[in-house]
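Numbering (the numbering used here), first residue to last: 9 to 282. Beta carbons: idealized from backbone N, C-alpha and C, even for Gly. All remarks here apply to the structure that follows.
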């Protein structure tokens, strides 16, 4: 990713160009979703990568204008006591897309090969079994007809640390910063090795890993959306024409007095007076 020679900052896609292309791609996503709904296709998109790599921001832009009835984001918390007694993949399998649905996983079963491996949250035997089963599970998904797209968001150590610091100072985003996130700074190389080990086993001909360079968040968002669209064999759909009928004249209805309703305090009006 190119950087400014003077400041060392990431050279970002100009905002006007980014916004225009994002809007165009989001409109195409809406058309793609319509094809998914009409054909009963099933789409599963996995987002993995380092902490603060921009996965959440990309997911947000993808689903921004999609119909939430057929597009879901799955971001699972730490397994419950009951879930720890299940087959490792079970809680993810339960959330796979049904016909006509798009599911975006903000982290997935690859937690076992990443944070669980590095932080010692799983045993060596559990890790080895996971690596044996991943290709089998993903082959079954693809054979079943699920369209599987796997993204790995890659961020440099300097940009990651800058993003951590900005979260620390922003009360609106402080919740996005956990102790595990901060600890990842000291285990940078361990996470790199874990990622390399994962790719060696799970970058498969039928389930490729697609790396998204994400030091520039704007570029990462439009690149990942463009690539997602290119991996789904959809046909462009034009919505049916809709005619809004004329509103008939009121006949025998009279609205109750407004002062009888329990109205929300008009806080916005106080701002206008300042």
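Asked                                                                                                                             : Found
On the criterion of 16 or more Cβ atoms from any shown chain inside 10 Å, does residue 75 qualify as buried, or is it exposed?    : exposed
Helix or strand or just coil, what does DSSP make of residue 117?                                                                 : helix
Please state the DSSP three-state secondary structure of residue 56.                                                              : strand
Do you know how far the Cα of residue 244 is from the Cα of residue 39?                                                           : 6 Å
Does the pairing of the segment 134–143 with the segment 68–85 give three or more beta-carbon distances under 8 Å?                : no
Hey, could you find the ends of the alpha helix (DSSP H) residue 136 is sitting in?                                               : 132–151
If we call anything under 8 Å between Cβ atoms a contact, is residue 193 one with residue 70?                                     : no
Give the straight-line distance between the Cα atoms of residue 56 and residue 21, rounded to the nearest whole angstrom.         : 23 Å
In the DSSP output, which residue or residues are listed as bridge partners for residue 159?                                      : 55, 218
Can you give the Cα-Cα distance for residue 179 and residue 83, rounded to whole angstroms?                                       : 22 Å
Give the range of the beta strand (DSSP E) segment to which residue 21 is assigned.                                               : Residue 21 -> no beta strand (DSSP E), and no H or E assigned at all.
Would you decide whether residue 109 is buried or exposed? Buried here means 16 or more other CB atoms lie within 10 Å of its CB. : buried
Shortest alpha-carbon distance to residue 246 belongs to which of 36, 237, 25, 26?                                                : 36
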